[in-house]
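What follows is a short report on a single structure.
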Amino acid sequence: MLAPPDHPGPAAREVTVDRTRISWAQLSTGQRAALVALGAVEVALAAAAWTDLARRPAEAVNGRKSLWAAAIAVNIVGPLSYFKWGRRAAE
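No gaps in the numbering here: position 20 of the sequence shown is 20 in UniProt numbering, and each next residue is one more.
Set out below in structure tokens:
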């Protein structure tokens with residue numbers, strides 16, 4: 001089924017996305033506080049995960065410690081992944 005001549009096909013459509021960046025000054029006090037709190041949680045989780053990884057013997061870690069050290073640096077997902085899947089259960 002062909003599109004009518006006055007109707008552009010999907011390839012002819014132009015998609016524009018208007019992404020405006022919001023500066024720190026434009027955020028409300030509550031939004032700033034939430035971002036600072038989330039940042040603090042992220043840093044604390046990463047520090048705890050790296051400390052645990054450094055103190056834990058290699059045989060008590062699932063996978064290579066060097067890979068987990070790099071993975072922990074990935075936002076909040078890395079430390080949470082390490083705590084969920086990176087550590088072997090105590091026997």
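Glycine included, each C-beta is placed from N, C-alpha and C at the ideal position. Please read these numbers as outputs of a predicted model, since none were measured by experiment.
Residue environment, residue i, which counts as buried when at least 16 other CB atoms sit within 10 Å
{"i": "W85", "result": "exposed"}
{"i": "W24", "result": "exposed"}
{"i": "L53", "result": "buried"}
Member of the options whose CA lies at the smallest distance from the CA of residue i
{"i": "W50", "options": "L38, V41, K65 and A60", "result": "K65"}
{"i": "V74", "options": "A60, G39, I22 and R87", "result": "G39"}
{"i": "I72", "options": "R19, R32, S28 and E42", "result": "E42"}
{"i": "P57", "options": "T20, R87 and A70", "result": "R87"}
Contacting residues, own chain, Cβ-Cβ under 6 Å from residue i (five flanking each side not counted)
{"i": "L45", "result": "P79"}
{"i": "Y82", "result": "A49, W68 and I72"}
Residues bridged to residue i (per DSSP)
{"i": "V61", "result": "R87"}
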